[in-house]
Amino acid sequence: MNATPSLAARTGTFFHRYANPGRFLRLGARLQPWLTWPAIGLSVAGIVWGLFLSPADWQQGDSVRIMYVHVPAAWLASSGYMGLAVCSLLSLVWRHPLADLAAVEIGPVGASVTAICLATGSLWGKPMWGTWWVWDARLTSVLVLFFLYLGHIALIRAFDEPQRGYRAAAILGLAGAVDLPIIKFSVQWWNTLHQPDSITLTAAPTMSTDMLWPLLVCTIGFTFGFAAILVARLRAAVMESRVRTALAMRRGRTETQDDAQDSGPDLSGAVA
Amino acid sequence: MTHLPYIVAAYGMTIGLAVILGTGAALRLRRARARLAAIERPSRAERAGGVSAP
Numbered sequence: 001m002n003a004t005p006s007l008a009a010r011t012g013t014f015f016h017r018y019a020n021p022g023r024f025l026r027l028g029a030r031l032q033p034w035l036t037w038p039a040i041g042l043s044v045a046g047i048v049w050g051l052f053l054s055p056a057d058w059q060q061g062d063s064v065r066i067m068y069v070h071v072p073a074a075w076l077a078s079s080g081y082m083g084l085a086v087c088s089l090l091s092l093v094w095r096h097p098l099a100d101l102a103a104v105e106i107g108p109v110g111a112s113v114t115a116i117c118l119a120t121g122s123l124w125g126k127p128m129w130g131t132w133w134v135w136d137a138r139l140t141s142v143l144v145l146f147f148l149y150l151g152h153i154a155l156i157r158a159f160d161e162p163q164r165g166y167r168a169a170a171i172l173g174l175a176g177a178v179d180l181p182i183i184k185f186s187v188q189w190w191n192t193l194h195q196p197d198s199i200t201l202t203a204a205p206t207m208s209t210d211m212l213w214p215l216l217v218c219t220i221g222f223t224f225g226f227a228a229i230l231v232a233r234l235r236a237a238v239m240e241s242r243v244r245t246a247l248a249m250r251r252g253r254t255e256t257q258d259d260a261q262d263s264g265p266d267l268s269g270a271v272a
Numbered sequence: 001m002t003h004l005p006y007i008v009a010a011y012g013m014t015i016g017l018a019v020i021l022g023t024g025a026a027l028r029l030r031r032a033r034a035r036l037a038a039i040e041r042p043s044r045a046e047r048a049g050g051v052s053a054p
């Protein structure tokens, strides 16, 4: 009797098709230039557009130009953590071998981008609000996201046995995803100093198109850059893992040969 | 009061971090590729030697 495989099993098979490190290295090498060059081109174009060609805001003046780096950083901080949560799920449910490596590599990049989001937000807040920091819902929930990244980075390296670290960090990664909707809806749920979203999926943007276009170009460019850095780091991690495995195998072979030589000619002959 | 120092600091930080992360990833990839190539070379030679040996 043929049993139909469950959805989880079918999804697992789909993901495991891309779990082969050799296949990933080939795919990554092919993808790398398609991510890197658009990232450089779009980011440079977006920054020049935002800094020199877009208009100043009637109320905020030139300080609105900080938006062209702050908003992409905020978008990448949240979507990077979403990626981390997906890797955690793949690791916990399907034991996907590349998901653990990806989680290790996403952590530092995501934490750096979140730090940039917080720092540029402060640099924008000081001239506009008159303060570097307020404990309002949006700012605090992004700070919690930063600490979640730091916790993940620390936890994944905290165990002598890597698998235990991967598992503990995956649980934290998945649990921490609760912070993402809080960040998104904080400006609606609570009365905050932070402005509400200017771009939503359901309504027309509330900003001028002269500002919207450079913001979109910057966001797409930074997203390509984030992906390019992650793919490069993941490719390096896979290669480093192969080097470790090859060295361990070589060491094991040498020890076997040494044992064989130590135990006399008869055994040596058996081993050979 | 001009907002220029805040804008320069925000862009400087962002571009600086992007350069550090990008260069770091590229260098790490190059180093890993070189190490893997160096390790695979003798093992391939060993394998070739093993096959050709009687």
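So the sequence lines, in the order shown, correspond to chains F and C. Position one of the first sequence corresponds to residue 1 (the UniProt record's numbering), numbered consecutively onward. Position one of the second sequence corresponds to residue 1 (the UniProt record's numbering), numbered consecutively onward. Just so you know, even glycine gets a beta-carbon here, dropped at the ideal spot from N, CA and C.
Going by DSSP in three states, residue i sits in which element: helix, strand or coil?
| i | result |
| --- | --- |
| residue 57 of chain F | strand |
| residue 9 of chain C | helix |
| residue 70 of chain F | helix |
| residue 134 of chain F | coil |
| residue 3 of chain C | coil |
| residue 41 of chain C | helix |
| residue 161 of chain F | coil |
With 16 as the cutoff for other CB atoms within 10 Å, does residue i come out buried or exposed?
| i | result |
| --- | --- |
| residue 124 of chain F | buried |
| residue 178 of chain F | exposed |
| residue 186 of chain F | buried |
| residue 21 of chain F | buried |
| residue 72 of chain F | buried |
| residue 53 of chain F | exposed |
| residue 20 of chain C | exposed |
| residue 181 of chain F | exposed |
| residue 113 of chain F | buried |
| residue 12 of chain C | exposed |
| residue 200 of chain F | exposed |
Indicate whether at least one CB of chain C lies closer than 8 Å to the CB of residue i.
| i | result |
| --- | --- |
| residue 145 of chain F | no |
| residue 239 of chain F | yes |
| residue 176 of chain F | no |
| residue 123 of chain F | yes |
| residue 142 of chain F | no |
| residue 210 of chain F | no |
| residue 57 of chain F | no |
| residue 247 of chain F | yes |
| residue 217 of chain F | no |
| residue 21 of chain F | no |
| residue 100 of chain F | no |
Would you say residue i lies against chain F (beta-carbon separation less than 8 Å)?
| i | result |
| --- | --- |
| residue 23 of chain C | no |
| residue 33 of chain C | yes |
| residue 41 of chain C | no |
| residue 19 of chain C | no |
| residue 3 of chain C | yes |
Select from the options the residue whose C-alpha is nearest the C-alpha of residue i.
| i | options | result |
| --- | --- | --- |
| residue 207 of chain F | F/254, F/56, F/52 and F/31 | F/56 |
| residue 129 of chain F | F/60, F/176, F/153 and F/90 | F/60 |
| residue 15 of chain C | F/104, F/33 and F/117 | F/117 |
| residue 76 of chain F | F/96, F/95 and F/111 | F/111 |
| residue 220 of chain F | F/39, F/248, F/237 and F/50 | F/39 |
| residue 93 of chain F | F/167, F/153, F/105 and F/151 | F/167 |
| residue 33 of chain F | F/107, F/145 and F/232 | F/232 |
| residue 10 of chain C | F/127, F/81, F/29 and F/237 | F/127 |
At the 8 Å Cβ level, is residue i part of the contact set with chain B, yes or no?
| i | result |
| --- | --- |
| residue 225 of chain F | Although the question refers to chain B, the structure presented lacks it and instead comprises the protein chains F and C. |
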